[in-house]
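Below is one structure, written out as structure tokens; the observations come after it.
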């Protein structure tokens, strides 16, 4: 149980285009989902917290207009990187938790390469 | 500010040897503590967690960790390492007072030599 699926696992795009990443909880309802960014050889940095049916809460320094987050259902959250640039290239990981439980279950991550 | 320190960036152990990965935290609230493992290019898998109660917790794959409040530590141990344990290990801390958001350590890369 507690499986989180993230898609795509790898995406290459041209500079200036937008990319959407999906995060799905397959066997539980995720009231809260989190989006992280991980640079090579570094730890995970929280970008935003997404609660179903409400606006995401972004961490300081994260551009909300650049990283659009939608959490329209209890099993799906999406992260859209708008007008991507090479500096947005990174490994993006989502996680999900159910209700008041304090455990986050992680997706396998998406490697974004912007050319 | 909340912080998590994993002092060792890399650790190399021989297969069959014991392992201890260190984690220290600075937190202004009662923490929840986690250890996750990440294989290259993959997401994170939960190894074990501590919320309250018995300070020695058992996890998957033969791992255990001990919460020591006086030392603000939550070190991960395994008595006998297998080659498949080679990966990167992250300690993470959360707290209800901070919206249950996790703060991660920088990670420790474990190499296992045969």
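Chains as they are written, first to last, in the numbering used here: chain A, 252 to 366; chain B, 37 to 150. No residue lacks a Cβ here, since even glycine has one placed at the ideal position from N, Cα and C. Bear in mind the structure is a predicted one, so any value in this text is a computation, not a measurement.
I'd like to know whether the C-beta atoms of residue i and residue j end up nearer to each other than 8 angstroms.
i: residue 268 of chain A; j: residue 350 of chain A; result: no
i: residue 40 of chain B; j: residue 125 of chain B; result: no
i: residue 65 of chain B; j: residue 128 of chain B; result: no
i: residue 290 of chain A; j: residue 341 of chain A; result: yes
i: residue 150 of chain B; j: residue 119 of chain B; result: yes
i: residue 260 of chain A; j: residue 277 of chain A; result: no
i: residue 318 of chain A; j: residue 79 of chain B; result: no
i: residue 81 of chain B; j: residue 59 of chain B; result: no
i: residue 297 of chain A; j: residue 314 of chain A; result: no
i: residue 135 of chain B; j: residue 300 of chain A; result: yes
i: residue 94 of chain B; j: residue 100 of chain B; result: yes
i: residue 324 of chain A; j: residue 303 of chain A; result: yes
i: residue 347 of chain A; j: residue 284 of chain A; result: yes
i: residue 44 of chain B; j: residue 55 of chain B; result: no
Indicate whether at least one CB of chain B lies closer than 8 angstroms to the CB of residue i.
i: residue 325 of chain A; result: no
i: residue 330 of chain A; result: no
i: residue 302 of chain A; result: no
i: residue 357 of chain A; result: yes
i: residue 266 of chain A; result: no
i: residue 297 of chain A; result: yes
i: residue 360 of chain A; result: yes
i: residue 232 of chain A; result: This structure leaves residue 232 of chain A out entirely; chain A is present only between 252 and 366.
i: residue 294 of chain A; result: yes
Strictly under 8 angstroms for the Cβ-Cβ distance: is residue i near chain A by that measure?
i: residue 136 of chain B; result: yes
i: residue 95 of chain B; result: no
i: residue 38 of chain B; result: no
i: residue 142 of chain B; result: yes
i: residue 126 of chain B; result: yes
i: residue 78 of chain B; result: yes
Assign residue i to one of two classes, buried (16 or more other C-beta atoms within 10 Å of its C-beta) or exposed (fewer than that).
i: residue 110 of chain B; result: buried
i: residue 373 of chain A; result: Summary: the structure shown does not reach residue 373 of chain A, with chain A confined to residues 252 through 366, and so no result is reported for it.
i: residue 143 of chain B; result: buried
i: residue 91 of chain B; result: exposed
i: residue 166 of chain B; result: There is no way to answer for residue 166 of chain B, as the model of chain B reaches only from 37 to 150.
i: residue 326 of chain A; result: buried
i: residue 292 of chain A; result: exposed
i: residue 67 of chain B; result: buried
i: residue 312 of chain A; result: exposed
i: residue 288 of chain A; result: buried
i: residue 123 of chain B; result: buried
i: residue 352 of chain A; result: exposed
i: residue 307 of chain A; result: buried
i: residue 355 of chain A; result: buried
In chain order, what residues of the same chain lie with their CB nearer than 6 angstroms to the CB of residue i, ignoring the 5 residues before and after it?
i: residue 334 of chain A; result: 267
i: residue 321 of chain A; result: 329
i: residue 275 of chain A; result: 256, 326, 327
i: residue 98 of chain B; result: 114
i: residue 46 of chain B; result: 145
Leaving aside the five residues before and after residue i along the sequence, list all residues of the same chain whose C-beta is less than 7 angstroms from its C-beta, in chain order.
i: residue 63 of chain B; result: 38, 129, 131
i: residue 87 of chain B; result: 68
In chain order, what residues of the same chain have a beta carbon less than 8 angstroms from the beta carbon of residue i, not counting five sequence neighbours either side?
i: residue 272 of chain A; result: 257, 258, 259, 262, 329, 330, 331, 332, 343, 345, 361, 363
When you compare the CB of residue i with every CB in chain C, is at least one pair closer than 8 angstroms?
i: residue 86 of chain B; result: Structure shown: chain C not included; protein chains present are A and B.
Problem - In chain order, each beta strand (DSSP E) run of at least 3 residues that lies wholly inside the stretch 103-137 of chain B - result: 109-114, 123-130
Exercise for the section: Entirely within the stretch 38-110 of chain B and at least 4 residues each: give me those alpha helix (DSSP H) ranges in chain order. Expected result: none
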